[in-house]
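A.B. asks: This is the structure, below, for whatever I ask next.
Chains as they are written, first to last, in my numbering: chain E, 247 to 536; chain V, -9 to 127; chain Z, 304 to 524.
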């Protein structure tokens, strides 16, 4: 769906560096850009949306050329119509929740889409409220709904959940995945939260000073041959309970709930909602035929 | 999780698995892995690795005598005992490194373990996992 | 006592016309200043702010020279548009517009600059034109600044004296605004009339400013 290769000079905190990378994203894929701040993740998103212009390269989306430096083609953001979720939500303060969504509709689009989205995102009650009366999580839902109201085929998310607390973040992740599947969207998310990447993305690209240094499915990229454990799963912590001198972790792995034992000092660094990897030696599991 | 960093000093492998000897603090540990130097890049003699093993896999012995199949045994001194109803956590000092063993409180009583005791810690080779690099804390 | 209401009417006419023109020019100008990354922007900003620091008579003097048919600009205006700006109401409007420009532009420019850049970006990716963004996203979100800028420019025009005296003189129904009339009446020891003009200006200015502060306080809630 997306084929892009671009170059752009950037001024980072550690001086000048070049954003230079190529990117291929398949239809319906959910890709995460992961890396420390100031490596060009946001700039890459902005270049895709047309809010910034690369110095060199090309961006093709589903066969259409959005940008091509050699042919001097550069579609305006208005013509690209991607869905974009900004870090600061960027809700229009002068409009109500309903107004924000209605403003996002394409010309001639049915107003029903607004009501559908309000319904889907559970925003019906809030539709007459102005953004500055909403909580962080509510603003986030409105921002996502607004991004979807313009019927984008490509959704770009710039650290959309970084300001939310863990529980709301987990809920938003579920919501986002559901909507992404529902609308068959291709999505690119900028994140520096490992758990978030695990949960959302089918592919992660590690970025370092303007380049993609590694990519693959999150589990491979993040644990890339680091441990020799053969019995390895990632899951989300549902509960942490003290148990005598030890602690018990309840972890959701896929759709199974498992319990593992951990030492109190290991648990001190963990919170409910965190993504964890459970590793065991291949020798340990016992096998029972079903 | 217990972590000890050491250097790979020997690798014995067939087509499917390896016995990796890792020297750390004058003790040679052995880990059985379902990996071979062909499948895992860092399995090379001289490489720095971290041994990982769970607290509950560390057995303790006092005045150990005779032959034993366990590959990994090392002397340590007891620095703290946290006794629970069923299980107890025994903090060990192994050449300046802090390790923990979790055994039954019943065993603590039977061994008459006390802070300051010298004990032998035992870990089966197939309970030790390896991680590339230095991840000691 | 017979009071000539003409100077007061003329003052309000001048202030209204000037403010209307200022809004048309100043709004887009403030928006441009807020977004421009031009190298000469500080020079332009300085020029806009000059009326804040210059004695009004300096500005008036230069405008008088510029408008005078004896010089090329005045000649050119006369020939092309048949306009004689010196000692005319039109001249006063032009001078007041320049003189009150910073009062309108400054608060509005600051407000545009304070709006998060992401609002414009968000509207752009939603496919909105620059005009739609300006009228439906940016303007509605700088309402308080728009109000204070407009009112300050209006109130400032009401009170100007030096520029008007220099280029307008004291022609009844043409350029004799209230501030000039007050000076004139005092000169001829007609304190009662001066009192009426002064009182009206004082009261109107007070009420306008009060309204602005009150409205902005309500908007901030």
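Where is the CB? At the ideal position from N, CA and C, for every residue including glycine.
Nearest to residue 310 (chain Z) by alpha carbon, out of Z:513, Z:474 and Z:327?
C.D. replies: Taking the third chain and counting its residues from 1, the one referred to as residue 310 (chain Z) is at position 7. The residue with the shortest Cα to Cα distance from residue 310 (chain Z) is Z:474.
A.B. asks: Go through the segment -5 to 52 of chain V residue by residue and report every complete run of the beta strand (DSSP E) that reaches 3 residues or more, in order.
C.D. replies: Qualifying beta strand (DSSP E) stretches, in chain order: 8 to 14, 17 to 23, 38 to 43 and 49 to 51.
A.B. asks: So, residue 201 (chain V) versus residue 9 (chain V), is the Cβ gap smaller than 7 Å?
C.D. replies: With chain V running from -9 to 127 in the structure shown, residue 201 (chain V) is simply not present.
A.B. asks: Name the DSSP bridge partner or partners of residue 87 (chain V)?
C.D. replies: Here residue 87 (chain V) is taken as the residue at index 97 of the second chain, counted from 1. Residue 87 (chain V) is bridged to V:84.
A.B. asks: Based on Cα-Cα distance, which residue from Z:404, Z:481 and Z:437 lies nearest to residue 355 (chain Z)?
C.D. replies: As a first step, residue 355 (chain Z) is located in the third chain; it is residue number 52 there, counting from the start. Among Z:404, Z:481 and Z:437, the Cα nearest to that of residue 355 (chain Z) belongs to Z:404.
A.B. asks: Applying the 10 Å Cβ sphere with the 16-neighbour rule, what's the burial state of residue 377 (chain Z)?
C.D. replies: Residue 377 (chain Z) sits at position 74 when you count from the first residue of the third chain. Buried.
A.B. asks: Residue 361 (chain E) by DSSP, collapsed to three states: which one?
C.D. replies: Translated into the one-based positions of the first chain, residue 361 (chain E) becomes position 115. The answer is helix: DSSP assigns residue 361 (chain E) an H, G or I state.
A.B. asks: Establish whether the CB of residue 338 (chain Z) and some CB of chain E are separated by less than 7 Å.
C.D. replies: Looking up residue 338 (chain Z) in the third chain gives position 35. By this cut-off, residue 338 (chain Z) is not an interface position.
A.B. asks: I'd like to know whether the C-beta atoms of residue 62 (chain V) and residue 113 (chain V) end up nearer to each other than 7 Å.
C.D. replies: The residue you call residue 62 (chain V) lines up with position 72 of the second chain. The residue you call residue 113 (chain V) lines up with position 123 of the second chain. The answer is yes: Cβ separation under 7 Å.
A.B. asks: Give the straight-line distance between the Cα atoms of residue 352 (chain E) and residue 429 (chain Z), rounded to the nearest whole angstrom.
C.D. replies: Here residue 352 (chain E) refers to the residue found at position 106 when the first chain is read from its first residue. Here residue 429 (chain Z) refers to the residue found at position 126 when the third chain is read from its first residue. In a straight line, the C-alpha of residue 352 (chain E) is about 8 Å away from that of residue 429 (chain Z).
A.B. asks: Restricting to Cα atoms, I'd like to know which of Z:522, Z:409, Z:501 and Z:439 is closest to residue 423 (chain Z).
C.D. replies: Stepping through the third chain from its first residue, residue 423 (chain Z) is reached at position 120. Checking every option, the nearest Cα to that of residue 423 (chain Z) belongs to Z:439.
A.B. asks: Taking only beta-carbon positions, decide if residue 255 (chain E) is within less than 7 Å of chain C.
C.D. replies: Chain labels in this structure do not include chain C; the protein chains are E, V and Z.
A.B. asks: Which of the three DSSP states is assigned to residue 443 (chain Z) in this structure?
C.D. replies: Your numbering for residue 443 (chain Z) matches position 140 in the third chain. The answer is helix: DSSP assigns residue 443 (chain Z) an H, G or I state.
A.B. asks: Starting from residue 323 (chain E), find everything on chain Z with Cβ-Cβ shorter than 7 Å and list it in chain order.
C.D. replies: Residue 323 (chain E) sits at position 77 when you count from the first residue of the first chain. In chain order: 427 and 428.
A.B. asks: Using DSSP's beta-bridge definition, name the partner residues of residue 489 (chain E).
C.D. replies: Reading the first chain from its first residue, position 243 is the one you call residue 489 (chain E). E:492, per the DSSP bridge assignment.
A.B. asks: Given that residue 421 (chain Z) touches chain E, what residues does it touch there, using C-beta distances under 7 Å?
C.D. replies: The residue you call residue 421 (chain Z) lines up with position 118 of the third chain. Under the 7 Å cutoff, chain E gives 332, 334 and 336.
A.B. asks: Can you find the residues in the same chain that come closer than 6 Å, C-beta to C-beta, to residue 119 (chain V), ignoring five residues on each side of it along the sequence?
C.D. replies: Translated into the one-based positions of the second chain, residue 119 (chain V) becomes position 129. 42, listed in sequence order.
A.B. asks: Nearest CA to the CA of residue 441 (chain E): which residue from E:393, E:278, E:270 and E:271?
C.D. replies: Within the first chain, the letter at position 195 stands for residue 441 (chain E). Among E:393, E:278, E:270 and E:271, the Cα nearest to that of residue 441 (chain E) is on E:278.
A.B. asks: Evaluate contact between the segment 504 to 515 of chain E and the segment 455 to 471 of chain E, counting only Cβ atoms and requiring at least three cross-stretch pairs below 8 Å.
C.D. replies: No, they do not touch.
A.B. asks: Could you confirm whether any beta carbon from chain V is found closer than 7 Å to the beta carbon of residue 490 (chain E)?
C.D. replies: What you label residue 490 (chain E) is simply residue 244 of the first chain in a count that begins at 1. Yes, residue 490 (chain E) counts as interfacial toward chain V.
A.B. asks: Alpha carbon to alpha carbon, how far is residue 274 (chain E) from residue 427 (chain E)? Give it in angstroms, no decimals.
C.D. replies: Working through the first chain from its first residue, we reach residue 427 (chain E) at position 181. Working through the first chain from its first residue, we reach residue 274 (chain E) at position 28. When rounded, the distance between both Cα atoms is 8 Å.
A.B. asks: Going by DSSP, which residues form a beta bridge with residue 313 (chain E)?
C.D. replies: Taking the first residue of the first chain as position 1, residue 313 (chain E) is located at position 67. According to DSSP, which records beta bridges pairwise, residue 313 (chain E) is partnered with E:305 and E:320.
A.B. asks: What does residue 494 (chain Z) pair with, by DSSP beta-bridge criteria?
C.D. replies: Locating residue 494 (chain Z) in the third chain gives position 191, counting from the first residue. Note: residue 494 (chain Z) sits in no beta bridge, so no partner.
A.B. asks: Applying the 10 Å Cβ sphere with the 16-neighbour rule, what's the burial state of residue 216 (chain V)?
C.D. replies: With chain V represented from -9 up to 127, any question about residue 216 (chain V) goes unanswered, as that position is not in the structure.
A.B. asks: Mind pulling the beta strand (DSSP E) runs of 3 or more residues that sit fully within the segment 428 to 482 of chain E?
C.D. replies: Those beta strand (DSSP E) runs which fall completely within the segment 428 to 482 of chain E and span 3+ residues are 432 to 437, 449 to 454 and 457 to 462.
A.B. asks: What residues in the segment 76 to 89 of chain V have a beta carbon less than 8 Å from any beta carbon of chain E?
C.D. replies: From the segment 76 to 89 of chain V, only 76, 77, 78 and 79 have a Cβ closer than 8 Å to chain E.
A.B. asks: Within 7 Å (strictly less), CB to CB, does residue 444 (chain Z) reach chain E?
C.D. replies: For the purposes of this step, residue 444 (chain Z) is taken as residue 141 along the third chain, with counting starting at 1. Judged by the 7 Å Cβ criterion, residue 444 (chain Z) is in contact with chain E.
A.B. asks: Give me, in chain order, the residues of the same chain whose beta-carbon lies closer than 7 Å to that of residue 259 (chain E); leave out the 5 immediate sequence neighbours on both sides.
C.D. replies: Looking up residue 259 (chain E) in the first chain gives position 13. Excluding residues within five positions, the ones whose Cβ falls inside 7 Å are 284.
A.B. asks: For residue 483 (chain Z), I'd like the list of residues in its chain whose CB is within less than 8 Å of its CB, leaving aside the five on either flank, ordered along the chain.
C.D. replies: Counting from 1 along the third chain, the entry for residue 483 (chain Z) is found at position 180. If we look at residue 483 (chain Z) and ignore the five residues flanking it on each side, its Cβ neighbours are 310, 464, 467, 468, 471 and 473.
A.B. asks: Which same chain residues, not among the five before or five after residue 72 (chain V), have their C-beta less than 7 Å away from its C-beta?
C.D. replies: One-based indexing of the second chain puts residue 72 (chain V) at position 82. Cβ within range, chain order: 78 and 79.
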